[in-house]
Structures are given as structure tokens and as C-alpha cells.
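Asker: Going down the list, the sequences are from chains X and U.
Using the working numbering, the first residue of the first sequence is number 225, and each one after it goes up by one.
Using the working numbering, the first residue of the second sequence is number 1120, and each one after it goes up by one.
We put the beta carbon where it would ideally sit given N, CA and C, even for glycine.
Just so we're clear, the structure is a prediction, and the values are computed from it rather than from any experiment.
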Amino acid sequence: MNTRQTLLRRGLISLSLSLSLALLPGCQDSLQEEVYSFVSADNFYKTAADAEAAVIAAYQPFTSDDYFRRNFYNVGLLADDQVMIGRNATFQAVDNFNITPDHPFHTALWQQMYLCINRSNTGIQRLPTISMDEARRASLVGECRYVRAYNYFNLVRLFGGVPMPTTEIQSTGQTNNPKVPTDKVYEQIVADLLEAEKVLPLTRPAAEWGRATRGAAQTLLAEVYLTTERWQQAADKAKEVIDSKQYQLLPDFRSVFSISNEANAEIIQSIQFDGPTIGTWFASFNHAGGTDNPNCFLGSANWSVEQKSDIWLNWDSKDGRKAASTYDKFINKAGKLVSVFDYPQPFPGFGKYNAPNEVSNGNSPCNPIIHRYADVLLIFAEAASQAAASPPPAAYDAVNQVRRRGYKVPLNAPSEFDVPLGLSKGAFRQAVIRERSLEFVIENKRLFDLMRTGQFPAIIKAQGKNVREGATLFPIPLSELNSNLALTQADQNPGY
Amino acid sequence: MKRLYAYLALLITLCFSILNPVFGQQKVTGIVFSGTDNSPLPGASVVIKGSATGTTTDANGRFTLTASPTATLTVSFIGYQNTEVVLGNRTEISVTLAADDKSLNEVVVVGYGTQKRRDVTGSIASVSAQAIKEMPITSAEQGLQGRVAGVQVIQSNSAPGGAISIRVRGGNSVLGGNEPLYVIDGFPVYNSIGTNDGQSQPTNPLATINPNDIVSMEVLKDASATAIFGARGANGVVIITTRRGKAGPGTVDFEAYYGVQTVRRKLPLLNGSQYMDLANEKARNLGQTTLPFPDKSSWPVSTDWQEELFQAAPIQNYALSFSGGSETSRYAISGNWFDQQGIVIGSGFRRGSVRVNMDNTISRKLSLSTSITASRSINQQARTSINFGNGVVYNALISAPLAPVYNADGSYFRVNTIPATEPFGTNPLALAQEFSNQLVTNRILANTNLTYAFSPELALSVRLGIDYSSDRTDRYFSRKLPGSTGQASVFTGEGSTYLNENILTYKKQIGANHSLDATGGFTWQESVFSSLSASSQNFAVDLFGTDNLSAGNSPGLPGSGRSKNSLLSWLGRVNYGFKDRYLLTVSARTDGSSRFGSGNKWGFFPSAALAWRVSEEPFMKAVSWISDLKLRTSIGVTGNQEIGNYQSLNRLNTVTSIQGVTQAPVVGFAVTTMANPDLKWETTTQYDAGLDVSFLNSRVNLSLDYYVKNTTDLLAQVPVAISSGFSSILLNSGSIRNQGFDVSIDGTILNRRKLRWNAGLNLSTNQNRVQSVAVRGGQFFAPLITSPVDLPVNIIREGQPVSAFFGYVRDGLWGEDQGATSLMPNARAGEQRYKDLNGDGRITADDRTILGKPNPDLIYGLTSQLTYGPFDLNILFQGVQGAMVFNANNFTLSDVFARGNNQVADITDRWTTENRNVNAKYPRASSVSPLVSDRFFEDASYFRLRNIQLGYNLPVGSLGVKWLRSARVYVSGQNLLTVTRYTGFDPEVSSTAGSDLRKGVDIGAYPAAKMWTAGLRLGF
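#1: Using alpha carbons as the reference points, say which of U:Lys2129, U:Phe2139 and U:Leu2137 lies closest to proline 1255 of chain U.
#2: With DSSP collapsed to three states, give me the class of glycine 1454 of chain U.
#3: In chain U, which residues lie with their C-beta within 7 Å of the C-beta of methionine 289 of chain X?
#4: Compute the distance between the beta-carbons of glycine 1594 of chain U and glycine 1605 of chain U, then report whether it is under 7 Å.
#5: To the nearest angstrom, how far is the alpha carbon of glutamate 693 of chain X from that of asparagine 400 of chain X?
#6: Can you check which of these residues, X:Leu671, X:Ala612, X:Asn624 and X:Gly559, is closest to glycine 650 of chain X by C-alpha distance?
#7: Can you list the residues of chain X that valine 1084 of chain U reaches, using a CB-CB cut of under 7 Å?
#8: Contact between the segment 1673 to 1692 of chain U and the segment 1647 to 1660 of chain U: three or more CB pairs below 8 Å?
#9: With 7 Å set as the bound, which would you pick, yes or no: does the beta-carbon of glutamine 2022 of chain U sit closer than that to a beta-carbon of chain X?
#10: Suppose you measure from the CA of glutamine 1886 of chain U to the CA of asparagine 1816 of chain U; what does that come to, to the nearest Å?
#11: Between the segment 481 to 511 of chain X and chain U, which residues of the former have CB atoms less than 7 Å from a CB of the latter, in chain order?
#12: Which chain U residues are close to threonine 324 of chain X, counting only those with a beta carbon under 7 Å from its beta carbon?
#13: Compare the C-beta of leucine 2135 of chain U with all C-beta atoms of chain X and state if any pair is closer than 7 Å.
#14: Cβ atoms of threonine 1240 of chain U and alanine 1728 of chain U: under 7 Å apart, would you say?
#15: When the cut-off is 7 Å and only beta carbons count, does proline 1784 of chain U lie next to chain X?
#16: Given proline 592 of chain X, which residues of its chain have a CB within under 6 Å of its CB, disregarding the five upstream and five downstream residues?
#17: Taking lysine 1168 of chain U as the reference, which of U:Tyr1953, U:Asn1201 and U:Leu1834 has the closest Cα?
#18: Any beta-carbon of chain U closer than 7 Å to the one on isoleucine 683 of chain X?
#19: Flag alanine 246 of chain X as yes if its beta-carbon sits less than 7 Å from any beta-carbon of chain U, otherwise no.
#20: In chain order, what residues of the same chain lie with their CB nearer than 6 Å to the CB of valine 1512 of chain U, ignoring the 5 residues before and after it?
#21: Pull up the DSSP beta-bridge partners for phenylalanine 2056 of chain U, would you.
#22: Count the C-beta pairs between the segment 517 to 537 of chain X and the segment 675 to 690 of chain X that are closer than 8 Å, then say yes if the count reaches three, no if not.
#23: Rounded to whole angstroms, what is the Cα-Cα separation between alanine 1631 of chain U and tyrosine 1701 of chain U?
#24: Taking the CB atoms as reference points, tell me whether arginine 1286 of chain U and glycine 1364 of chain U lie closer together than 7 Å.
#25: Counting only Cβ pairs nearer than 8 Å, list the residues of chain X close to lysine 1720 of chain U.
#26: So, with DSSP's three-state summary, where would you put histidine 595 of chain X?
#27: Can you give the beta carbon distance from tyrosine 1394 of chain U to proline 1520 of chain U, rounded, assuming they're within the 8 Å contact cut?
#28: Starting from the Cα of isoleucine 1914 of chain U, find the closest Cα among U:Leu1970, U:Arg1961 and U:Gln1951 and give me that residue.
#29: Name the one or two DSSP bridge partners that serine 1336 of chain U has.
#30: Within its chain, find whatever has a CB closer than 6 Å to the CB of alanine 1527 of chain U; leave out the 5 residues flanking it on each side and keep chain order.
#31: Which residues, in chain order, does the segment 1829 to 1842 of chain U contribute to contact with chain X at a C-beta distance below 9 Å?
#32: Spell out the partners DSSP gives aspartate 1991 of chain U in its beta bridges.
#33: Taking a Cβ distance cut-off of 9 Å, strictly less, list which residues of the segment 1941 to 1955 of chain U are near chain X, in chain order.
#34: Is asparagine 1535 of chain U close to chain X? Criterion is C-beta to C-beta, closer than 7 Å.
#35: Residues of the segment 1679 to 1690 of chain U with a CB closer than 7 Å to any CB of chain X: list them in chain order, please.
#36: Hey, which unbroken runs of the beta strand (DSSP E) at 3 residues or more fall wholly within the segment 555 to 581 of chain X?
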């Protein structure tokens, strides 16, 4: 073997050995994971921008499939007495209010609500340590309180007492929270909203439309008081919103829901969807007639009118809201008037949500409305009447404004369509509840009205629905019961 | 294609520069005989030792070459022992080759080394190149199907280049990877089967490697064999070895085949007239006065959508390889072009690849072994999504058979405008032709291994390698798709894995009785992955596809990501043999992985095995009919680190929402995962007891293994209280047990002069059981199957197999309309009745029960090789028993028109007002959707003629064609016969792959093909 070969050989060996040895210490460090595409919680919540990002995150679950894109409405609408579905056993179980604790819809909804809550808790806990403009910081914390309160309000109404974490959860040791009785949940909601109304702005710049305002917090608080039958407080809070003069009834009922006019003067709080990037399923779900229907990508009749319901059987045709809210005939894409009963899903549709240029089902830009001014008026009417010995004139005036707008007559002049004077407290309340049932068709308020007035689920049972025996609330999801060590089967709601 | 030719030309030039002709001094002639029957052996290789000079024997076993008198000739032939002959002054010689006792002396590739078959203590199965070449395959692991006991090959979809899952002795993992580790020429590669992306079924990363190059595949099954791979060994290891050059004259081989694939079967569905009758019947049942088809003659067209969608598709493959070299420098170089069109129009897979394997002896002590493969594959994926409604096959099944494909103006007919049809369907041809989804993958897998022998006993190997791949997916929804305004997206990804291994080996025979073989070393492997995506929609024209995103009016949010993981390991193994009959193997590996939590960075994986070669004992010498008998047992611990990157960290991710009057996207940051600093590998403890026995001079070989695998510390998304704002945390919790038998038997049934018949049978049982899950109720569900099912059909429940099926049980049809006191108060006469299993007097979700399982009890393969003179016939049967499939297609296709879609042909056996038969197979036509019941869970057992090949070896020697070494032509057929009761396209189906817990689900999956091919192989 010549020298060159020997040298080459030695060179190769020493090269590879030194490579190997050089790698060794470096490798030890390389077992620490290097992150590139996300941040770790320890490096965050330091700046004003971080604070803004944390608050956006608290709202974000609202736009998920399982919350406002469709599932919250699937749960709330199908269970009520106005909406039904003609197929699909999973949906029909909700329609019949005969679900098991492992049903996917309420489980997924529960999860999204607590996602909002944990992110709000994070904001409430972390933001005060960030050094930034103090007023802005307080306002951001106020938003978190609003989001937290709204979610607990939904939870307590659908499920009764629920686990109620109010601090950020970071590790497994903090995940097991016991069921808290309903009155404690309401206490927390009220406390949050009283804080929020102090710090939230009266109005928002255009770029922040959709974020909570003082009016949103106060309207929510009024509804919370109404639900807990704190009548005077409900009436007072609603009155505060009315007196703020920030909101008004639009003259035309349909235009409240027009997708070209979503930031209108009647809206107090809505969830924003642009359609193509993130859209709701509302237009396709509330229409019938498949692709013949020009008002959506395809009318899939997921929410059809229950033909045994009061709104289908007894709604006065002179009320403009009727045609804007339900139909059994529509003009198809060919321009012909056709009947929904000639379609494979032969059920009347709702016409409230329309998106004629929707690119696909699930891409409607319709913004689900949490509160609008009509709500404030009707909360005020009901609460003011309940708080008094008999319905006061202001209560009549509030409910009649809503009616007159529906009947397309001047808002401030008495009309033949007004609620008749001289009703008893009970009859007046019934009239307001019915008014709500007409005004808010498929706005996800009916089920909660039925629940708080004790009519649920008797009213759908009377329609012949195969209702689960003994159930009045939704079941705590099975996966929560199974995984929350602070809960036992005894915490499950009756009937499950 | 052009580029490929250029590569090949370059390679050819390269080879000829390596060839080094040597000239001898005297002419030598000779003849080579077979030791088994003393007949002349054609095709045997005769090489002058230490040179590249040599020849092969002709049809009469004769050869001629020139050599110096001092030369030694090496004579070799497959199946015979190599024999060396010192030439001396002889010019005419005769050589008789003794038959190789193959099963014992063949070399088996094991982790970080090789062993003789007789010394192996673990459970290792081998598949030869010959077996792999018997049928056309896209990807190496397909060659394992039906050939190795204990290995289940799940062709999850039959799309060209589609994902294939391999389970060695059952699945161990619920959430982690279940695929075995592949070691390709020494480079460990995890074949990460993607999950369903909602557009197409997952693709197969291993399809980027040309299976023609493979010379053997070894499947390491028990812990004794796999523990040396530590945290990656739990799912078994498949070692792939490609062809390397041998010293001797240069050889050139050319292979080609061409075939045609057709859909194996079409589903029998209603024709146009029957469809209209059913639609009218449903309308009457619903009391509708206007019938959807009052006049059937106004719908004269009847379209068979399956006929429109499926095509006879060609498949072709060409491979050219060169090998040879001298004692000091050997090469094997190959190029391959593979092109498979899919039976669904618009789909297909193409691959071009080049491999260079070089072996160099630098000096007496130093040698270098290099393997480089480069490939480019192009996968045109059909839209066979698991999401109902947008899959192309699913739409071809459900679409009304009335619609023409095109309108008069050439646009696509909108199938959902047909009366009575549910509005969800899309024209299947539009989906096939106007949606394009192309994945291009470029991959280079290269490694070089430098070995320095300090002494004959002690050697050090240093391996350096890289696995680089870049891929790009282009997706375009054309404007011709209903509702589409043109939507383009591009995803690119780039991954690099670096490898360094440093292995010391020591082999020593001490005295007559002790043999020692020790291996130890340290290895490092690191992977970096980055991705980038962009999209745009609202195009004015379809002209650009994905080539001009800025032409779209609405750009989407761009995306990018980067991740990294590394693995650092120490390993060691000692094989000790006493008197050649008591064998002991002890191995251990310590793995440090970046994926593990800070509290659990290092894992230790030991194993031990004992084997007793009973046949070597003196008392067995008298038992002449047993030629070999070995008892084996092993125990060991292996891990599974396929838990994903960054799973132990507390992560904040971006979330997108909408705000503002203009409804603009806004980005927030939220904690999306809870930290788990204790996160670690999954641990599998495996016990194996086995027996290898050969009878009648190794004419019959039997191998039997029993194993139990207990996997603990199961990686699980353990549900935490959802009220915490998290739904789950990744924990090591829960356990699964797999146990079963692997049996394989092969033998030479006939061995005459011209007639030889070998046959083999392998079968394996596997029982898979969830021992514990980390949920209080002892069960949780797999994710939902999308609409119209809207429910999970798989459940993970203690005491049951993983992903067991779950649903209602049917109980005939209702004879009368039901009332308030009924189990189903709203049911009408003729509707489906279900069993009230919990006896509460109502049919609710509580009446669901376990209905079966997706994984088989038994898998088996049957092989036969029959040789008669120059002809041979190879057959492979293969099957599974005891598996079930959720036929989700039938959820729509047999809902008796509830959703207005086309129906299976036997829907005619239904309840009607004229024939009120409560025993009919199907209920009345109505709007009532079926529940997820036993009707949809079908027996997916099957027995299949996987492959049959008839070949003819031309007697090139007797033809006097000097330049031709060998020539073979063959015809073969795949999937020509399948016996099954499954009513869908094919029982071998899974719309999901990888770690998806939804298993055994058929939702518009790409159907299986039947294939005829003809091919030839030429050796020069």
C-alpha cells in the first residue's frame, strides 16, 4: 500500500471519527425542542398588542362551526316548538328533545362555550399585568367579562348548574371544577356585567364593529335579570339602554337581516361573518327547495317550520313579519312560483336569512344577532309589567312599537294592531312572550323563552314529539361527566 | 420523461468508465452440473476471482473463457453454494454445485448487521426479490401482502400511489403511529401516512422508491429483533435491502411490463325507470299530490354514472439496471419509469427514479458502501374524500341515473336539479375533470457507510446520510364546477433528515465451543420540516390553474410552518453461541428524543432471547427426517415515538376571527394545548415463543410463533374536563394487548428434473383488546363520520378491540302505524323497527351496542411456484377472515329514497302499500333516514386470487444468442377472483388511514382494480 493511500485512509477515519465526536455534545442540546411556528405562553402577554390578540382569541370560538356557524342554532332552534327537521336521526334527536348525554351537538357546543370562558379568564387574569394605556386595558378586560358572562348565561340556561372556573387553567391540576348551583352562576354573570358596563365604550369605531359595547353589556344584563325574574332591575337596565339613544328600530323588518346592511342601527351585538372566509350555514339551513332556491347556495331544509306550531297555524297574514319569516311557496331560479310540498323535503321554510350569491352552503355572510333593539323594548315591556301591579303604559308602548313596525304602520301612533289595553299582568306577559315568538323566529330566543316560562318541554310533547321522559334541561355532556373528577353521576340533570 | 433519459444516458457512460476489462492467457472450457440431480446448469455464473472477468453457462451448462493458469474460478448459481476452482493447467473442467441449504445458511439482515438464518434468535421473516417481482406493485410494502405471517397490508384505497398501512402483529397504538419503521439500506425512515385532508385519501410516501431495486425485505417482528431500534421498534421493523453489485462481468438488465386495469366490479344500482318509480312511490307514501315524475317519458336519458367515471387504465413500468465490478469496486445502477393511470378518470401516478449503489474496497481494512436514490413522483389524486357529498366516487353512486352528463351547450348538467333529488349532489364527471389535485414529490435518499476493520474481529462503521424530500400540491377547482368561481391553492413542503451512525462490531470464535458477536454504537438523527401555502379564488378565467394566484380576485390567508425533531441513541447487542446450539442474544438501546417531555427525555429498551438448536444435540442426530429444529423465546421492551413534534409544550397558536364593518379577518393568540412535561414514548413489552423446524433435508420448513404484546403508556388524547377550556391533554395512559399466532410453512412438493413445485402457506391470528383507557367511563368515541351519518361509528371501549363498531340492532319492520305507547311513537307501518336493548320502552341512543370490529381475526396467504422446464406459474392467494366494514355508501344508497338519491338494485325488496311485507329487506320509501344499525356493518372477509403469473424463460443459450444472458416473458393477472360477501366495491377498503380512529369505514373510497399485465425481462 502506498503512502497516498495510507494518508487517504487515515484522513477518512479521522474525519468520520471527529465528525461523530463533534456531533455528540451538540446533540444533547438538540433534544430541547426548538419552536418556530408558535409561541409559548411564558413569552406572551407582555405588550399592548399581546393584550389585543388575547381578547380577539376570547371571541374567536363564536365563529366556529360548533357555535354560531350552526351548532348553537341547531341545538336551540330544533328543540323549540317552531322548528323541525324531516330527516337525519342525529338532528331529529334534538328536534324531539330526546338526546343522550353523548349526543355530539350539545357536547361540541359546551366545549366552544368553555373555550370562550377559559380565554376570557386568561384575559381577565393576565391583562392587568401588562403595561399599556390603562383605559384601553380596562376596556379589554371588560370585553373578556362580557364574553365570559354571555357564555355562562348560555350554559346556565341550557344546562342549569355547571362547573364555573373563573381563573385561567394551565395544567391538569386545575381542570376539575365542581358543579356550581344556578344562583351562584347568575351571581357571577351579574358581577361580570356590572363591571363590564362601567368600562366598555358606548360606541365602537368601524374597525371594531362586533366587539362588545356598554349597550351590549347592559342589554345582556337586562336579559339576565329578566330570566332570573328580577323584574325591576331588568326594566331599569333595559330603560338605560333605551335612554342611551344609541339604537332604534329600522322601519323595515327585513332590512334588519339584510346582508348588505349588517352594521345597522338596530343591532346591539352580533357575531361577524364575512361569508367566503368564515360563513354561517344559516341561508342554506333555513331555506327549502334545494338548488332551485335562489336565496342561498342550496335550500337544505335543516330548519323547517313545524306545522303544528302557533306561528304556522295562527300567525296573522297582515303582519309583515310572517312573510319575512316563513313560507311554503317561493319563486325558483326559473322565476316560477313553486310549492315546498313538491320537494323531497316537503316542509315550509324560513326566509329570514338570505345569501343569494353564496359560494357554497356554509358560506353565508349572515351575522347571527345576539341582541337588537327590539329585544330591549320587549325585555322592558315584560319586566316593567311584571314589576308593577298592572302593565304600565310604557310597557304597552314598548311592545306596540315592535308590533307596529311588524305591521308596517307608524311606530309612535296607536294602531289597530296594538296589544289591547286593559290586559291583566298575566295576559300581558303572554302577549309579550308571543310577540317575542313572532319577532325572533329562528333567532335562537324561543327555546330560552319557553324554558324560563316553564313551557318546555311540555309544549313540544303536545305536538307529538317523542320527548325524553323527565328531562327539562340538556344533559351535562357525557365526556364532561367522565373526565371531570369533581363531578359524579349525581350531578347529571334529571331525566338522564 | 426526457430528463429521465438524460439521467440514464449519464449512468450508462458512468458504468462503462468503471468497467475494467482484464485479459487472460489461456482458453478454458467447462461444464457446470447441479448437485441435486446431476443435470447441466444453464445460467450459472463463472467468474475469475478478483477480477471483473467472467461468463455464464449456456443452455447445456457449458462455458468458455480465457484465464491465466494461476486463476481461481468462482462458480455460483442461485440456490447453490458458491464453489471455487483453482484452474492450474487444466483447460477443460467440470464443476458440480452443491445445493445450498438455503433456509439455514442464507444471510438475514438484522438491525445494524447481518446474521445467518440458523443463528437467529428472534422472529424475522424474509421476502425475496423473486417474490416481489411476481406481481406489479407501486410500492415496496405491497410485496409483503400475503407473504409474511403476522404482517397485515391494508391497501386503504386503491388509488394509484394511495396510502398503504402495514400492521405487524396488530396495531399497538391508538393515537401514535402504527406503521413499522422502515430501514432502507441502513437508513431508518418512518413512513408517516398522512391523515385524510378532506379532499383526497392519503398518499403513500414510500411509493417514491422503486420496488424493482429491492433484493430482499426482512420483517422484524419480536422484541429481540426490534429492541435494537428502541423507541421506534414497537410497531415492527421492515428492512429493505436493494441490489448491490457483485464482482464479475458487467451485466445489464432490462425489464418492462404493460398492463390494463379495469374496475373490479360495479355496484348494481337502479336504472332511470326504477328510479322514477321509487321517487313516485315515496311521494305517494308521503301523501303528496304532485308526483315528481308524472310522465316518465319526459326523462328518456338513463346514465350509468359508474360507466362514465371508470375507465380501462394502462399501467406500465420500465427498468434498466447495470451491475458488476471488480473485487475492489462494485456497482449496481438502475433507472426506472413507472406510469399508472387510475381507473377513475383524472387520477394517476408516475415515478421516475435512479439508484446508484457503490461498494469500494479502499484498502485491505477500509471499505465504503454507498447508496443513493433520487426520484420524482407525480400523483394526480381523484377527489375521494371522506367528507360526504364532495367525493367523486360517492357522487357517481348517488347521482340520479336520469341526468345527461352534459347540457346541450357543453356545460355540466346539474344533477341536483332533477326532481325529488336531494340538493347536495354534484355532477361526478365535473368533480373528476374540473377538480385537479396534483402532488409532486422529489426525494433523495443517500447514505454512505465507511467501515474500518482494525482486525478480522473488530470493525468500526461510520454512516452518514440524508433523506431529503420536497413536495408540492397544486389544487384547482375550475369555474365549471357548480358554485365555484375558480379556487386555486398551492402547498409546498420540504423535509430533511440527517443521519449519523457509528457502530463497532466484534466477532470472535473462541475455541470450538464459543462464538461471540457484539455490536455497539451511537447514532444521531434529526429531521427538519418546513411548509408554505398560498391560495386565491374568484378567477375570471380557468386559464391559469394554480400558475398565477394573483389572477384571483380574493387571495386567501397565506400559511407557513417549521418544525424539527431529533433522536440521539446509544445501542448495543451481544450474540453468544455455545456449541452452535445454545444461542443467546441480549440487546439494549437508549433513546433520547426531542419529542419527549423535559422530564422524560431518555428511554431505555432492553431485550433478551434464547434459542436452542435441538437438532444439533447428539440425541437428535438419529432423527434423520428432522433436518433442523430450533426453539426460540424472547422478551423485550420497545417504544413508539411517533407522537408528533412539540406535543409536550404549552403552545399558543394563532386563531382567526372576523370583525369590523368591513368584516375583515383579525388574528388572535390563544393557548391551544396544555403542557405535559412528562410526555414520553409508548412502551410495548413483547413476549415471543417460537419454533423453526425443517424436515426431509429442508424440503419442508415450518415456523410457528406465539406472541403477546402489551402496550402501556399509550399515547392518548385523554379527555380532560371540557369545562377547563381544553378538551384533552396528551398523556401516556391506557393499555392495549395484542396476541396471536404466526404460522408459516413452505415446502417443495415436487422436485423432478423438469418439474418443480414449491408451495407455502402463512397465516396469523391476532386478537386486539383495549385493556384500559384513561376515561372514567372506560370508553370514548372515534371522531364523527360526516353528514348524513353525523355520528361516530367506532368506539374505544375497555375489553373490546380498538375502534369497535357501535350502533342499533334492527328488529324487522313495523306492521302498523305506531302510537304514543310504542317503542317508536312516530313510526309508520313499513318503517324500520329497532331493538330496545336497555328495555326502557323507547328507542334512544342508549339502545346502541357493539356490533363488530374492523380488524380481522385471521389473515393468510397461499403461494405456489410451479416450474416445468422453461415455464413457470406463480400464484398468490390471500385473504382475511373476521373483519367488518361500515358501508357508509349504503347509508345513502339503501335509505329507500329518504335523501332522494339513487339506490342499490335490491331495494326492490321493500315494504310497499301493495306488499305489506314486514320481513322485507328494506323499509318503506319515506323521508325517514335509517339509524346507524347492524345493516350497514358488513362482513368484509375475503379470499382473493391476488396474483397469477405465467412465465416462459427463453433458452437463450441454445438459440446461440451470445449477447443475451437471459430472457423471460410473462403474463400476469391481479385480483382476478375475489370471494366475499361485502356488497361494496371491495372488502379491502378504508377511507381513513394512519392514526385515524375511524377504522373500517367505506365512504366513496377509490375502488379496487382488476389488472392484466404482460412483461419481459432481458439480461445482457
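Answerer: Working from what's here:
#1: The option with the nearest alpha carbon to proline 1255 of chain U is U:Lys2129.
#2: Annotated three-state conformation of glycine 1454 of chain U is strand, per DSSP.
#3: Before going further, note that residue 289 of chain X is aspartate rather than methionine in the sequence given. Under the 7 Å cutoff, chain U gives no residues; its nearest Cβ is about 11 Å from aspartate 289 of chain X.
#4: Residue 1594 of chain U is actually arginine in this sequence, not glycine. No; because the gap between Cβ atoms is not below 7 Å, this pair is not in contact.
#5: Cα to Cα, glutamate 693 of chain X sits roughly 30 Å from asparagine 400 of chain X.
#6: Comparing alpha carbon positions, the residue from X:Leu671, X:Ala612, X:Asn624 and X:Gly559 closest to glycine 650 of chain X is X:Ala612.
#7: Past the boundaries of the shown model lies residue 1084 of chain U; chain U is included only from 1120 to 2139, so the question cannot be answered.
#8: With a cut-off of 8 Å on Cβ pairs, the segment 1673 to 1692 of chain U is in contact with the segment 1647 to 1660 of chain U, counting three or more such pairs.
#9: Not an interface residue.
#10: Cα to Cα, glutamine 1886 of chain U sits roughly 35 Å from asparagine 1816 of chain U.
#11: Per Cβ criterion, the list reads Ala487, Gln496, Phe497, Asp498, Pro500, Thr501 and Ile502.
#12: Contacts between threonine 324 of chain X and chain U, judged by CB atoms closer than 7 Å, involve Thr1963, Ala1964 and Asp1965 in chain order.
#13: Chain X, which has no Cβ nearer than 7 Å to the Cβ of leucine 2135 of chain U, makes this no.
#14: Yes, they are a contact pair.
#15: With 7 Å as the cut-off, proline 1784 of chain U counts as an interface residue toward chain X.
#16: Result list for proline 592 of chain X: Phe292 and Ile495, in chain order.
#17: The closest CA to that of lysine 1168 of chain U, considering only U:Tyr1953, U:Asn1201 and U:Leu1834, is found on U:Asn1201.
#18: By this cut-off, isoleucine 683 of chain X is not an interface position.
#19: Per-residue confidence for alanine 246 of chain X stands at a pLDDT of 48, beneath the threshold of 50, marking its modelled position as unreliable; no derived number is given.
#20: Thr1503 and Gly2123.
#21: As a beta-bridge residue in DSSP terms, phenylalanine 2056 of chain U pairs with U:Phe2005.
#22: Under the 8 Å Cβ criterion, the segment 517 to 537 of chain X counts as touching the segment 675 to 690 of chain X, having at least three qualifying pairs.
#23: Alanine 1631 of chain U and tyrosine 1701 of chain U have their C-alpha atoms roughly 13 Å apart.
#24: The beta carbons of arginine 1286 of chain U and glycine 1364 of chain U sit no closer together than 7 Å.
#25: Chain X residues near lysine 1720 of chain U: Leu255.
#26: Annotated three-state conformation of histidine 595 of chain X is strand, per DSSP.
#27: In this structure tyrosine 1394 of chain U is in contact with proline 1520 of chain U, their Cβ atoms being roughly 6 Å apart against a cut-off of 8 Å.
#28: When each option's Cα is compared against that of isoleucine 1914 of chain U, the closest is U:Leu1970.
#29: The residue you asked about is not serine; residue 1336 of chain U is methionine in the sequence shown. U:Val1246 and U:Ile1359.
#30: Answer for alanine 1527 of chain U: no residue qualifies.
#31: If the cut-off is 9 Å between Cβ atoms, the segment 1829 to 1842 of chain U has Val1837, Pro1838, Val1839, Ala1840, Ile1841 and Ser1842 near chain X.
#32: Paired residue(s): U:Thr1986 and U:Gly2070.
#33: Taking 9 Å as the Cβ-Cβ cut-off, the segment 1941 to 1955 of chain U approaches chain X at Met1943, Pro1944 and Asn1945, given in chain order.
#34: Taking Cβ atoms only, chain X reaches closer than 7 Å to asparagine 1535 of chain U, which makes this a yes.
#35: Residues Gly1680, Arg1681, Ser1682, Lys1683, Ser1685 and Leu1687.
#36: Taking 3 residues as the minimum length, the beta strand (DSSP E) runs contained wholly in the segment 555 to 581 of chain X are 561 to 563, in order along the chain.
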